[in-house]
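Each residue of the sequence shown is one higher than the one before, counting from -15 in the working numbering. Taking it in order: structure first as structure tokens, then the write-up.
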Amino acid sequence: MFSKRKEAPQIDPVQRELYEHARKRIVQKKRLFQHFIIFLVGSIFLVILNLLIGVGKEITFFGTNWYVAAIVCWAFLLVLHFCNVWLFHKFMGTEWTSNQMERLIAKQKAEIALIQKDVDLMYPKDDLIKKKEEFIKKQQPKAVEERVKPKLDRKITMIAAAGENNALGKDNDLVWHLPDDFKRFKELTTGHHIIMGRKTFESFPKPLPNRVHVVITRNENYNPEGAVVVHSMDEALEIAKDDPQPFIIGGGEIYKIGMEYANYIELTRVHGTFEADTFFPEIDPDAWIVENKELHGADERHEFGFTYLTYKKK
Ligand SMILES: NC(=O)c1ccc[n+]([C@@H]2O[C@H](COP(=O)([O-])OP(=O)(O)OC[C@H]3O[C@@H](n4cnc5c(N)ncnc54)[C@H](OP(=O)(O)O)[C@@H]3O)[C@@H](O)[C@H]2O)c1
């Protein structure tokens, strides 16, 4: 139904190059031949003019008749043209250049092969592949679970007290005074690493006794007394790697980061709504279950009632 269009035969690139080269040579030779003929006719014409009407006789050019000088100069140009077509082209034309290039490339290839041989001897290929794979593996960022995997057998616990509206504190201080919650905080955290943000650390009048303070900051020059300074949660958990239950104790910025790392939350839910500038992140009910719940009513020492909630990551 459809007439097939005949494809033009593809010319082999090498053939095309040869053809182009031959064509150029023919043009060059043709021009040289034309030059020669014009020179011949021109010279004869000048000689005849000289013999018949004495053209060029009266004027001398470097002691000779100018028509002779003109013929000699022209002959010189013709010789140059000849050399260009037959000598320079032959020896230094495109063919010559590409031959030189090929020779150079072959030399380089031979040298590379020698170096490769040495490298193969020094570093066997299997070893190199293995090392490369190990290197690539190290470069790939691991998922948090994998990074803290050895630590997942332990409890990474966030501990916080937050109002019904998730209020944590204001002006770098707490907004309630709950002595029993403090007591519980002390009981749970004593003997452990407590990981905190720089601002929370600075909200303490002095470091809390019997706990390793791990302070997270972006400041490379931060060097307070009584704390180990780190610059990420990964680093903090690395410092606490031998602790079976390190605690992330806040504040707001660090809890946000900690959500991904922690597998337990000890939350004291303070029953009230508070004005605050720092808040605890939302606890996703699909990701966490309440494992334990203990109510503590308000009394003469506690202005607000509160509930201890132990969350476990599902
Ligand atoms: N209710 C509670 O249970 C509880 C517990 C703890 C704290 N708080 C309250 O929370 C408030 C403080 O919390 P906050 O959120 O303002 O501060 P924060 O979390 O204690 O500390 C914030 C600081 O941590 C460092 N930081 C944060 N993210 C970082 C990262 N990705 N890499 C390296 N460093 C990082 C920065 O330190 P640099 O600026 O030095 O770089 C940042 O300024 C206070 O009001 C405190 O009383 C309440």
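Even glycine gets a Cβ: it sits at the ideal position worked out from N, Cα and C.
Does the Cβ of residue i lie closer than 7 Å to at least one heavy atom of ligand 1?
i      : result
Met180 : yes
Ala246 : no
Arg303 : Outside the modelled stretch of the chain, which goes from -15 to 298, sits residue 303, for which no answer is possible.
Ile249 : no
Lys190 : no
Ala224 : no
Glu237 : yes
Leu172 : no
Asn149 : no
Asp157 : yes
Asn207 : no
His161 : no
Leu152 : yes
Gly242 : no
Gly234 : yes
In or out: residue i buried (at least 16 other Cβ within 10 Å) or exposed?
i      : result
Asn207 : exposed
Arg87  : exposed
Asp157 : exposed
Phe290 : buried
Lys135 : Reliability of the predicted coordinates at Lys135 is poor, the pLDDT of 48 falling under 50, and the value obtained from them is presented with this limitation in mind. Buried, since its Cβ has 16 or more Cβ neighbours within 10 Å.
Trp272 : buried
Ile233 : buried
Leu112 : exposed
Val11  : exposed
Met243 : buried
Val254 : buried
Thr252 : buried
Determine the closest residue to residue i out of the options, with distance taken between C-alpha atoms.
i      : options                        : result
Ile241 : Thr201, Arg253, Asn205, Val212 : Thr201
Pro228 : Val212, Gly235, Val214, Ala246 : Ala246
Glu204 : Arg182, His197, Gly26          : Arg182
Trp322 : Val25, Thr81, Trp70            : This structure gives no information on residue 322, because the portion of the chain shown stretches from -15 to 298.
Arg9   : Phe23, Val69, Arg285           : Val69
Met180 : His215, Arg0, Phe66            : His215
Thr174 : Ser187, Pro193, Trp160, Phe188 : Pro193
Ile55  : Ser27, Glu244, Asp102          : Ser27
Asp283 : Ile267, Tyr295, Asp164         : Asp164
His65  : His280, Phe23, Thr252          : Phe23
Asn149 : Phe258, Ser82, Glu117, Asp102  : Phe258
Glu209 : Trp50, Phe188, Arg285          : Phe188
With distances taken between CB atoms, is the gap from residue i to residue j smaller than 8 Å?
i      : j      : result
Pro265 : Tyr239 : yes
Thr141 : Ile223 : no
Val213 : Val199 : yes
Phe288 : Gly236 : no
Leu162 : Ile143 : no
Glu275 : Tyr292 : no
Asp261 : Lys154 : yes
Leu71  : His19  : no
Phe119 : His177 : no
Ala211 : Phe185 : yes
Asp263 : Ala151 : In the sequence on display, residue 263 carries Phe and not Asp. Cβ atoms of Phe263 and Ala151: closer than 8 Å.
Leu36  : Tyr51  : no
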